[in-house]
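J.:
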Amino acid sequence: VVCAPEAGSDEGDGGGLAGALRAHLSARLPDYMVPSAFVRLAVLPLTVNGKLGRNALPAPADQAYALAAYQAPQGAVETALARIWAELLGVERIGRNDHFFELGGHSLLAVQMSSRLSQAVGVELPLSTLFARPVLTDLAASIVELLSRSGPQELPSIATVSRHEPLVLSFAQQRLWFLAQLNEGSTNYHIPLALRLRGLLDHSAWQRSLDRLFARHEALRSVFVATQGKPRVEVLPPDAGLPIVEHDLRERSDAEAALLDLCHEEGHTPFDLAHGPLIRGRLVRMSDKEHVFLLTQHHIVSDGWSMGVLLRELSQLYRAFEAGQDDPLPPLAIQYPDYAAWQRQWLSGDRLQKQAQYWRSALAGTTRLVLPTDHARPAQQSFAAATVPIIIDADLTRELKRLSLQHGTTLFMTVLAAWAAVLSRLSGQDDLVIGVPSANRGHREIEELIGFFVNTLALRIDLSGKPRVSELLERTRCTVLAAQEHQDLPFEQVVEIVQPPRALDHTPLFQVMLAWENNAVGSLDLPGLSVEAAREVLDQVEFDLELSLGEHGEEIAGTLGYATALFDQATIERQRGYLLALLRAMAADAQQEVHRIELLSTAERTYLLDELNRTAAPYPAERCIHELFEAQVHKAPDAVAVVCDDERLSYGELNAKANRLAHHLIAL
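In my numbering, the protein residues as written are 1032 to 1699.
1. Around the C-beta of Gln-1622, are 16 or more other C-beta atoms found within 10 angstroms, so that it is buried, or is it exposed?
2. Measuring straight from C-alpha to C-alpha, what distance separates His-1406 and His-1330?
3. Does DSSP put Ala-1354 in a helix, a strand or coil?
4. Starting from the Cα of Asp-1556, find the closest Cα among Arg-1615, Glu-1344, Arg-1147 and give me that residue.
5. Straight-line CA distance for His-1657 to Ala-1670?
6. Could you tell me the boundaries of the alpha helix (DSSP H) in which Lys-1688 lies?
7. Rounded to a whole number of angstroms, what is the C-alpha to C-alpha distance between Asn-1486 and Thr-1397?
8. How long is the line joining the alpha carbons of Pro-1668 and Tyr-1682, rounded to whole angstroms?
9. Restricting to Cα atoms, I'd like to know which of Leu-1535, Ala-1113, Lys-1666 is closest to Glu-1573.
10. Verify whether the separation of the beta carbon atoms of His-1322 and Val-1315 is less than 8 Å.
11. Output the residue ranges of the alpha helix (DSSP H) runs that lie fully inside the segment 1075 to 1138 and measure 4 residues or longer, sorted by chain position.
12. Just to confirm, are Ser-1179 and Phe-1483 a CB contact at a threshold of 8 Å?
13. Hey, could you find the ends of the alpha helix (DSSP H) Leu-1385 is sitting in?
14. On the DSSP letters alone, give me the boundaries of the beta strand (DSSP E) that Phe-1660 sits inside.
15. Assuming Lys-1432 is part of the alpha helix (DSSP H), what are its boundary residues?
16. Rounded to whole angstroms, what's the CA-CA distance from Val-1108 to Ile-1465? Just pull it up for me.
17. For the beta strand (DSSP E) that contains Gln-1328, what are its first and last residues?
18. Within the same chain, show all residues whose beta-carbon is closer than 6 Å to that of Leu-1224, passing over the 5 residues directly before and after it, in chain order.
19. With distance defined between alpha-carbon atoms, name the residue in Arg-1229, Leu-1267, Thr-1258, Gly-1230 nearest to Asp-1242.
20. Which word fits Gln-1571, buried or exposed, when buried means at least 16 other C-beta atoms lie within 10 angstroms of its C-beta?
21. My understanding is that Leu-1161 touches Trp-1116, with C-beta atoms under 8 Å, so please give their C-beta distance in whole angstroms.
22. If Glu-1476 sits next to Ile-1365, beta carbons under 8 Å apart, how far is it from one beta carbon to the other, in whole angstroms?
23. Is it the case that the Cβ atoms of Ser-1253 and Leu-1309 are separated by a distance below 8 Å?
24. Would you check if the segment 1384 to 1397 and the segment 1512 to 1529 touch, i.e. whether three or more CB-CB distances between them fall below 8 Å?
25. Using CA atoms only, rank isn't needed, just tell me which of Asp-1270, Ala-1286, Gly-1312, Glu-1282 is closest to Val-1276.
26. So with Cβ pairs under 8 Å, would you call Ala-1190 a contact of chain C?
27. With distances taken from CA atoms, which of Pro-1104, Val-1142, Val-1256, Glu-1133 is nearest Arg-1124?
28. Return the Cβ separation of Gln-1102 and Gly-1136 in integer angstroms, given the expectation that the two are a contact with Cβ distance under 8 Å.
29. Runs of 3 residues minimum, wholly inside the segment 1251 to 1295: which ones carry the beta strand (DSSP E) assignment?
30. Taking the beta strand (DSSP E) that Arg-1627 belongs to, which residues open and close that run?
31. Between the segment 1491 to 1504 and the segment 1449 to 1461, do three or more beta carbon pairs fall short of 8 Å?
32. Please name the residue or residues paired with Trp-1547 in a DSSP beta bridge.
33. Assuming Thr-1590 and Ser-1579 form a contact by the criterion Cβ under 8 Å, report the distance between their Cβ atoms to the nearest whole angstrom.
34. For Thr-1487, does the three-state DSSP call read helix, strand or coil?
35. Give me the residue from Gly-1584, Ile-1189, Asp-1575, Ser-1235 with the minimum Cα distance to Ser-1413.
36. In the structure shown, what three-state DSSP assignment does Ser-1188 receive?
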């Protein structure tokens, strides 16, 4: 709360003066800097040194907030909008002057708000409108204007389909099934979970809860059977049960080492897509009062958001069954196969053409990001990986939130802009594409479903023309909003439309991912048990670099995953430092040019300029250069001698080429 002391006489209308001051400041300051309350004082209290006595300032009375704190929504649209905001933001009372992003809104909640709004008043609201007019009364006015032009529109809902007819795959499932056929036995698309449970676990209630989840969600019971090379979905019976293997390590002196072996074995055991089940678990008993639960799902039936649904429902079921109660969960109106059928029908015709045209234009002429690597890129992409942790402390997080609010971006957009700037500096490219997962849960009917809904957006970030920080934030905001308004087209179709060059050594369209975890994955709340995430080791990545971040309390935290075939840990740790340095600089001055921001620490600058340049070495003056070169060829023929763009030549290859050229010249 910002309170502005107002010195002067007590004559006149204090409320009117406060309103005039607020209007004056609102026209000149960003929303977060406009005072929330005004206190009228006859004189400002001073200290003995003549400075403002802040501790002597009176606390604002309730009436000081009256004009800013709450004004009830007016009219049907404002009322509907306030109800939607309250539900999504978890705020009990929403006023007409409240600001969506100041209350905790972000891009994902904006998409959900748009979906709920379409159901409530029959209008498809562009996300750009919300970002341009985030105050409730202003946004409501825009909605009224849209309704006056086109009237309310009846948007299609997701209906159930017959289970007696063949069930289709969603677009995302179809692509993943195809990739699985190309790489049979692959474990690249597993979704792992490891939880350590301390306390007395009711094994019967635990198994019953998991079986009920398995029966409740058809996605978890789906298998993918091919007929004449074309896949279809079949659903296992609800009473099949979720397979759980139990391990007892209570008598093992090396229990923790044995647990790691089990984790590795679980993570590297492939699924059979045709027979399933495509979810399985292991319950490892470490002692009478400690268990570790391993759960693995195939991505073709689940995603990150689904994990949150699973944990919430598992908590509710276990709590009920452990207390001897019945299943407390309400029935689901639709299932994932219903969504898959709806998606194929809905995403067609003009809607498909408009989305396709956007991506065709947005990604035309993109080039592959070429980052300096520690090792030559293998002929076929390697998925072996490791991670380094990243923590953005509370102070910098607050500053980044302030920067974001001031420039009309979300925290995700600000971090995306910084990450793009780091990649641009490393690669020397000012036009690059970063992949971003999108939850794709815009329709309310699918928010509580488990299934493979997530889509990937290829975001093209433009850093040309030496933009200032503020300009880069604006470009990034426009790019993200436009992509989210066209997020329904599955990534696999975007790839087909854009037709980027294909190669086995890298993924198409982009090689770097930024995942923002703002979907509240959730945690288990179990009676009589404390639950914590067991240490997970990420040993596989889909891309060269995978930056995964999210808000955790007052900090931003996550990991930077990397392909170990390309990068060493020290290189990735430096990249982490560059990102943190750039974020600090952005928060300090939004008007500086991005390319002038210093990324190197003092220690790294000394290392690069001084230590690496200590290259003095004794030179055998009695030998010629070609003799020295041939000696190196004999010593290390496979070592890299020269690099040009993506091409590398070893000493042996370079020597062979040089000899061929020499013999050709001699023969002339």
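For glycine and all other residues, C-beta sits at the position ideal for the given N, C-alpha and C.
T.: Answer, in terms of the structure:
1. Gln-1622 comes out exposed.
2. Each residue's Cα considered, the two are about 30 Å apart.
3. Note: Ala-1354 maps to coil in three-state DSSP.
4. Among Arg-1615, Glu-1344, Arg-1147, the Cα nearest to that of Asp-1556 is on Glu-1344.
5. Cα to Cα, His-1657 sits roughly 17 Å from Ala-1670.
6. Counted as a single uninterrupted DSSP element, the alpha helix (DSSP H) harbouring Lys-1688 occupies residues 1682 to 1698.
7. C-alpha separation (whole angstroms): 20 Å.
8. The straight-line gap from Cα to Cα measures roughly 5 Å.
9. Closest by alpha carbon: Leu-1535.
10. Their beta carbons are under 8 Å apart, which means His-1322 touches Val-1315 by this criterion.
11. Correct list: 1097 to 1100, 1106 to 1120.
12. No.
13. It should be noted that the sequence gives Lys, not Leu, for residue 1385. Lys-1385 -> alpha helix (DSSP H) spans 1380 to 1393.
14. Note, Phe-1660: premise wrong, no beta strand (DSSP E); alpha helix (DSSP H) at 1656 to 1666.
15. Counting along the chain, the unbroken alpha helix (DSSP H) around Lys-1432 starts and ends at 1425 to 1437.
16. The C-alpha of Val-1108 lies about 37 Å from the C-alpha of Ile-1465.
17. Per DSSP, the continuous beta strand (DSSP E) segment holding Gln-1328 begins and ends at 1321 to 1329.
18. Leu-1326.
19. That would be Leu-1267, whose Cα lies nearest to the Cα of Asp-1242.
20. So Gln-1571 counts as buried.
21. Not quite, the Cβ-Cβ distance comes to about 11 Å (not below 8 Å), so this is no contact.
22. Contact between Glu-1476 and Ile-1365 holds: their C-beta atoms lie close to 6 Å from each other, under 8 Å.
23. Less than 8 Å divides the Cβ of Ser-1253 from the Cβ of Leu-1309.
24. Under the 8 Å Cβ criterion, the segment 1512 to 1529 counts as touching the segment 1384 to 1397, having at least three qualifying pairs.
25. Residue nearest to Val-1276 within the set Asp-1270, Ala-1286, Gly-1312, Glu-1282 is Gly-1312 (criterion: CA-CA distance).
26. Given the protein chain composition of this structure (a single chain), no chain C is represented.
27. Checked all of Pro-1104, Val-1142, Val-1256, Glu-1133; the closest Cα to Arg-1124 is Pro-1104.
28. Their Cβ separation, rounded to whole angstroms, is 19 Å, which puts Gln-1102 and Gly-1136 out of contact at 8 Å.
29. Counting only runs of 3 or more residues that sit fully inside the segment 1251 to 1295, the beta strand (DSSP E) segments are 1253 to 1258, 1261 to 1266, 1275 to 1279, in chain order.
30. From DSSP, Arg-1627 is part of no beta strand (DSSP E); its letter is neither H nor E.
31. Yes, they touch.
32. In the DSSP assignment, the residues bridged to Trp-1547 are Leu-1580.
33. For Thr-1590 against Ser-1579, the beta-carbon gap comes to about 5 Å, under 8 Å, which counts as contact.
34. Residue state, collapsed to three classes: strand.
35. Answer by Cα proximity: Asp-1575.
36. Three-state DSSP puts Ser-1188 in coil, outside helix and strand.
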